[in-house]
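Notes follow once the structure below has been shown.
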Amino acid sequence: MAAAAFMLAATAATAQIRFSADFESGSMEKAELVSQETKNGKEVITYDFYSRFDPANPARPTLAPSARWYYFKMTGVKDKEVILNVKNSDARRPFYSYDNKNWTRFSAAESPDEKTIIKTYDQDEVYIAYYIPYTYSRLLGKIQEWVKHDWVDLSSIGESEHGRNMPLLTITNKNGKADKKVVYIHGRVHTSETPGSWHLERMIDVLTSDTPYANALRENVIYHILPFTNPDGVVEGNSRSNANGVNMEVNWDDPEEVTAREVKNMRAFLKSLLAQDNVDVFLNMHSQSMHQATYWVHTAETSSDYFYKNLMILANLTINDNPYFAKRDLCFSKMGSRYCEGWFWNNSGEKTLAVTFETPYTYYSQNKDGEWVSLENLRTFADHNVLALGDYLGEGAPYRIIIEEPAAAAGFQTMKDNSKFYNGTSYLKAVKDGAAVKYVFNGRKEGVEIPAGKYEVYKWAAGDNLKESKAGENEWVKVGELQHKGGKKIRYTLKASSGELVDNILLKRVN
Ligand SMILES: [Zn+2]
């Protein structure tokens, strides 16, 4: 296969350093020796390194194949300075590992520009990867952990082009509420985008965990999660395509004969899901080369005002209090039938909030001097995504109790215009100072025991309909605290000054 070809090229150039990628998710094209010299008693060896292009895309021949992903091993490097000129991809501080388990980012000095990696290695064998690999074996191992819980079911939506299983996790408490909300999440369409898999893994870890909050979510929500839409691409070390070169992100409106088998499986599964139930939210999890996280928010012109407003609320909930996501980071796109979101739009309309979410590979919010993307901060980020989704659905009680404002209240005008991002179908505007609105959460009705104790109270500060929300708008703003002595109902009265807007509130339990 390709492996033999590049090894020959490297071997012919020098017998001293051997390149290989004949392991799971491994990928490279070839390494060509440029020079080999001795400087101050140290061997300095320079290669032109070529990453491997995906196969040509038979479904869309005009789409150029990607060669972003590389993951390979060099043997014979101890105490040598190795310079790699990265040819078909980039080197934005990629990662190395001496044991193929613990990964370190190359420092800024070792990866001084986007095309160069320079390092003297301490050990003879080193692995190098575009980002920390996330393999199919890793996923299968994690699935074995997740399915130990009663609230996790494992099934399959079918097989990939090369016959690999496409496992689906269904996470919910089996004896929970009868009419549950439904969330569908899928990941790893583009196989180089491993930060997205580490991020999604953490979301699944949280949703399957034995904590009161996760339990509350599972009482009220069914999560269907397909972690790998493209197992062949992952195992075979592709960058963006499936085994046949199809970029499945843009294959959703193709006729059956040029649609990837994996997309056909997903379409069939989602059709059967929509036939049974509404899907409230679909998240399409990716990673992108821009130096920021984002949601690709579909503009109101190509969706609807209601859909757009809800997307902006979900996005701003994820940004809320999140050190890795800023209001200016949101991106905007047109709804298109070739995307999975477009498929949902055509089949479910405004009823499914469908959106792509991206983590970066490099750093956050364009801040090169800030934290670079690590497994640790991806986990923190994922915790925010779980909370945001829970708050959006309003299903985290009693640990995060979301209470909608009443449809009308004395001293308030009921508003439904699209100039603000508000939750649900309306919000209230105070028309006099001291107007009071009463919020009540009935635990008996909701089937929730409300623990006695202290709760922080936040209001959703519905703000202007802007692509970049102003500070203090479209976020949770703390308005007070309350002490709940026990009992089935929890109440809060919010007093507003004239002109103040009133929308949902959040009662957050303080342990
Ligand atoms: Zn992608």
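The sequence shown: position 301 = 300 (numbering that gives the first Met the number 0), numbered continuously. Glycine included, each C-beta is placed from N, C-alpha and C at the ideal position. This one's a predicted model, so the numbers in the text were calculated from it and none came from an experiment.
Asked, Found
"Out of LEU374, PRO132, ASN246, point me to the one whose CA is closest to PRO54's CA.", "ASN246"
"Touching or not, the segment 225 to 235 and the segment 153 to 171, by the rule of three or more beta carbon pairs under 8 Å?", "yes"
"Could you tell me which whole beta strand (DSSP E) segments of length 3 or greater appear in the segment 162 to 197?", "164 to 170, 180 to 186"
"When the cut-off is 9 Å and only beta carbons count, does LEU329 lie next to chain C?", "You won't find chain C in this structure, because it holds only one protein chain."
"Can you tell me whether ILE221 is helix, strand or coil according to DSSP?", "strand"
"May I ask you to check if the CB of HIS285 is nearer than 8 Å to at least one heavy atom of ligand 1?", "yes"
"Is the beta carbon of GLY551 less than 9 Å from the beta carbon of GLY236?", "One cannot answer for residue 551 here, as it falls past the ends of the chain, which runs 0 to 510."
"Using CA coordinates, which residue listed in THR355, THR45, ALA408, TYR70 is at the minimum distance from ALA429?", "ALA408"
"Would you decide whether GLN291 is buried or exposed? Buried here means 16 or more other CB atoms lie within 10 Å of its CB.", "buried"
"Using a Cβ-Cβ cutoff of less than 6 Å, which residues in the same chain neighbour ASN277 once the five nearest sequence positions on both sides are dropped?", "LYS350"
"Measuring CB to CB, does PHE356 end up less than 9 Å from ASN384?", "yes"
"Rounding to the nearest angstrom, what Cα-Cα distance links GLY423 and GLU499 in this structure?", "18 Å"
"Is it the case that the segment 271 to 286 contacts the segment 164 to 182, given that we only count it when at least three CB pairs across the two stretches are under 8 Å?", "yes"
"With distance defined between alpha-carbon atoms, name the residue in THR37, VAL81, ASN214, ASN219 nearest to GLN122.", "VAL81"
"Considering only the alpha carbon of each residue, which of LYS367, ASP320, PRO93 lies closest to LYS114?", "PRO93"
"Cutting at 7 Å between CB atoms, please list the residues of its own chain near PRO405, excluding the five before and the five after it.", "VAL436"
"Whole angstroms is fine: what's the gap from TYR531's alpha carbon to ASN366's?", "This structure cannot speak to residue 531, because the chain is shown only from 0 to 510."
"Considering only residues of the same chain and omitting the five flanking positions on each side of SER208, which have a CB-CB separation below 8 Å?", "none"
"Do ALA63 and GLU200 have their C-beta atoms within less than 9 Å of each other?", "no"
"Put THR301 into one of helix, strand or coil per three-state DSSP.", "helix"
"Would you call the CB atoms of ALA90 and ILE131 closer than 9 Å?", "no"
"Verify the contact flag: HIS185, CB atom, against every heavy atom of ligand 2, threshold strictly below 8 Å.", "Of the ligands this structure carries, namely ligand 1, none is ligand 2."
"With DSSP run on the structure shown, which of helix, strand or coil describes PRO359?", "strand"
"Taking Cβ to Cβ, would you say LYS431 is nearer than 9 Å to GLY410?", "yes"
"Measuring from the CB of GLU28, is there a heavy atom of ligand 1 at a distance below 8 Å?", "no"
"ALA407 bridges to which residues according to DSSP?", "For ALA407, which the question treats as bridged, DSSP gives no partner whatsoever."
"For GLY479, which option in ALA460, TYR49, GLU455 has the closest C-alpha, if you only look at C-alpha atoms?", "GLU455"
"Taking the beta strand (DSSP E) that GLY244 falls in, what are its first and last residues?", "Careful: GLY244 lies outside any beta strand (DSSP E) and carries neither H nor E."
"Kindly indicate which residue of TYR360, TYR135, ALA215, THR258 has the alpha-carbon position closest to the one of PHE227.", "TYR135"
"What I want to know is whether the C-beta of GLU200 ends up closer than 8 Å to one or more non-hydrogen atoms of ligand 1.", "no"
"Do VAL188 and ligand 1 come close, with the Cβ less than 8 Å from some heavy atom?", "yes"
"Is the beta carbon of ALA460 closer than 9 Å to that of GLY471?", "yes"
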